[in-house]
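Some notes on the structure that comes next.
Number of protein chains: 2
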Amino acid sequence: MTRPQTARKKRANGVESRQRILDAAVEIAGERGYEGTSIAAVSAKCGLPASSIYWHFKDKDDLIAAVIERSFETWLAAVELPGEEAGTPLERVTAMASNVAKSLVDAPDFLRLGLMLALERRPAEPRGRTVFLHVRDIASQKVAEVVRTLLPDLDEDAVRTLTTYAVAGADGLFVQREINGDGVDLVAMFELHAQLVHEAATRMAARKRG
Amino acid sequence: MTRPQTARKKRANGVESRQRILDAAVEIAGERGYEGTSIAAVSAKCGLPASSIYWHFKDKDDLIAAVIERSFETWLAAVELPGEEAGTPLERVTAMASNVAKSLVDAPDFLRLGLMLALERRPAEPRGRTVFLHVRDIASQKVAEVVRTLLPDLDEDAVRTLTTYAVAGADGLFVQREINGDGVDLVAMFELHAQLVHEAATRMAARKRG
DNA sequence: TCGTTGCTGTAGTGCTCGTTCCAATTGGAA
DNA sequence: TTCCAATTGGAACGAGCACTACAGCAACGA
């Protein structure tokens, strides 16, 4: 292994081990879902014994929740509405959609695991599911805020409808790409989606004014 | 193997038992996914011992595949494009979307389980996943056929893009409803979706002609 | 030098899983 | 009646699961 014989790490491995466990867990959980993620598999992939995993995390539930939390933070950073200097509202929202698409292509594990957790209806809901629904809510509110910023005329009902539709389209296009692979140009589809949502939004705003 | 087959009485329970097993399995698998569906749970729910399940189905994989197959048939029957007497193309496609939405509200287990299977990436792919991807492909082709019927001018590239987008929207809206519950009016959202897709389609057709 | 803290390594625990084996039961065919 | 095939019932299997108990060891503060 990569254990430096000179100048041993300060303390043991603490922080780094935690990261290694999370790295292994996000990969396995992103592929196999909650039940499919065994502690033994995570242990094998990160090279640390099960007892280390249980030293860092309370139980499997806690581990999965931490996986969701960490990968959401990474992912959220990639999703920002470009500033006004980036052009017209349509151009800005299209650029944002394009960024979301790229981040989903680069790191699909987060959303794949999240959707699997969200779809399951187990009697005792895992904490990971709750965490995902929470961070997903944050993302939704961000989308709603973007809609309000770009089209201040819209009433809250329209904002809610558009937000639901926008997020649903993102989920659905992601799923399509997961299923059909590279046959789906996710960036192009997201840009089309942004365009259609923008169109629907302006029409709703016009109808309200008219 | 020529058997008289004269309105024979059910020997033991044969066909009915098979249905009972499938009924129990579709419910559990729709809630808990592949790994979460244990033979013991199915056995408990349908009241038949595990050995009966293994008499009717080769193994767990075979059972899940049969679940997908049967529920797809039920579901597909609900999805037809209304005939020309139903009005304009937009009205017809909107009505079709509305029907799909209703069928998903009534029987969400099929798509929920299918999406869970589709998202998982296990080393040895379960047959249920293959079956779902196959029946999903059938549904997609049906959508493509509807697009071609209503707008014969479109080239195949546009048809493919529109089909992908239409199916993705359906998946995404379904997921939204699974997550947010009755807060999402699935029928209304599907009708909005149909409208936007129709709009995009006519614009694509016009751009080609122009 | 000593004790404490932080983490790793080994070797389990009891439980549930998918699956199998085989002995009953049951109703029609001979 | 006897036989057979279609089912059911029950018990057991080895494997893998989440999780734990506990000893060992490296680095610090004292």
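Protein chains in written order, with my numbering: chain A, 12 to 221; chain B, 12 to 221.
Glycine included, each C-beta is placed from N, C-alpha and C at the ideal position.
Own chain, CB closer than 8 Å to residue i, minus 5 neighbours either side, in chain order
i	result
Thr85 of chain A	Ala118 and Phe121
Arg159 of chain A	Leu165 and Val170
Lys219 of chain B	Asp164, Leu165, Asp166 and Ala169
Ala61 of chain B	Ile50, Ala51 and Ser54
Val157 of chain B	Leu92, Val104 and Met107
Cutoff 7 Å; reference residue i; Cβ partners in own chain excluding five residues on either side
i	result
Ala35 of chain B	Val53, Lys56 and Cys57
Ile39 of chain B	Thr48, Ala52, Val53 and Lys56
Ala106 of chain A	Pro93 and Ala97
Val142 of chain A	Ala76, Ile79 and Glu80
Ala216 of chain B	Leu162, Asp164 and Leu165
Val111 of chain A	Val90, Ala181 and Phe201
Thr17 of chain A	Reliability of the predicted coordinates at Thr17 of chain A is poor, the pLDDT of 30 falling under 50, and no value is obtained from them.
Ala155 of chain A	Val170 and Thr174
Arg214 of chain B	none
Ser151 of chain B	Thr174 and Val178
Ser109 of chain B	Val198, Phe201 and Glu202
Ser63 of chain B	Ser28
Leu33 of chain A	Ala77, Val78 and Arg81
Lys71 of chain B	Ile50
Ile149 of chain B	none
Ala135 of chain A	none
Asp196 of chain B	none
Contact belief for residue i with residue j at Cβ below 8 Å, rounded distance in angstroms
i	j	result
Leu207 of chain A	Leu207 of chain B	5 Å
Ala212 of chain A	Leu184 of chain A	Contact flag wrong, Cβ pair sits at about 18 Å.
Arg123 of chain B	Leu130 of chain A	5 Å
Glu95 of chain B	Arg133 of chain A	Actually they do not touch by this definition, with Cβ atoms about 46 Å apart.
Ala205 of chain A	Val104 of chain A	5 Å
Ser28 of chain B	Leu59 of chain B	6 Å
Val198 of chain B	Lys113 of chain B	6 Å
Leu144 of chain A	Ile190 of chain B	7 Å
Pro137 of chain B	Tyr65 of chain B	Going by Cβ atoms, the distance from Pro137 of chain B to Tyr65 of chain B rounds to 17 Å, so no, they are not a contact pair.
Arg83 of chain B	Val146 of chain B	Checking the displayed sequence, the identity of residue 83 of chain B turns out to be Phe instead of Arg. About 4 Å separates the two Cβ atoms, so the contact holds.
Leu126 of chain A	Val186 of chain B	7 Å
First through last residue of the alpha helix (DSSP H) which encompasses residue i
i	result
Arg43 of chain A	Gly25 to Gly47
Val100 of chain B	It is worth fixing the name first, because residue 100 of chain B is Pro in this sequence and not Val. Taken as a continuous stretch (DSSP letters only), the alpha helix (DSSP H) holding Pro100 of chain B covers Pro100 to Asp117.
Val195 of chain A	Run containing Val195 of chain A: none; DSSP gives neither H nor E here.
Asp73 of chain B	Lys71 to Ala88
Arg123 of chain B	Asp120 to Leu130
Gly139 of chain B	Arg138 to Leu161
Ala61 of chain A	Ala61 to His67
Ala52 of chain A	Ile50 to Cys57
Residues near residue i in its chain [Cβ-Cβ closer than 6 Å; skip 5 each side]
i	result
Arg140 of chain B	Leu128
Met12 of chain A	Note that Met12 of chain A scores 36 on pLDDT, short of 50, meaning its location in the model is unreliable; the coordinates nonetheless yield the value given after this. Nothing listed; no residue qualifies.
Gly194 of chain A	none
Lys153 of chain A	none
His209 of chain B	Leu101 and Val104
key: Residues of the segment 165–182 of chain B with Cβ closer than 8 Å to any Cβ of chain A, in chain order   = Thr172, Thr175, Tyr176, Val178, Ala179, Gly180, Ala181 and Asp182
Chain-ordered residues of the segment 184–200 of chain A with a beta carbon less than 7 Å from chain B = Leu184, Val186, Gln187, Glu189, Ile190, Val195 and Met200
request  = Anything in the segment 118–144 of chain A with a Cβ closer than 8 Å to a Cβ of chain B? List those residues in chain order, please.
outcome  = Arg123, Leu126, Met127, Ala129, Leu130, Glu131, Arg132, Arg133 and Leu144
request  = Determine which residues of the segment 32–63 of chain A have a Cβ less than 7 Å from any Cβ of chain B, and write them out in chain order.
outcome  = Glu42, Arg43, Gly44, Glu46 and Gly47
key: Contacting positions in the segment 148–166 of chain A - beta carbon closer than 9 Å to chain B   = none
query = Which residues, in chain order, does the segment 68–92 of chain B contribute to contact with chain A at a C-beta distance below 7 Å?
reply = none
query = Going along the chain, which residues of the segment 200–211 of chain A sit with their C-beta nearer than 9 Å to a C-beta in chain B?
reply = Met200, Leu203, His204, Gln206, Leu207, Val208, Glu210 and Ala211
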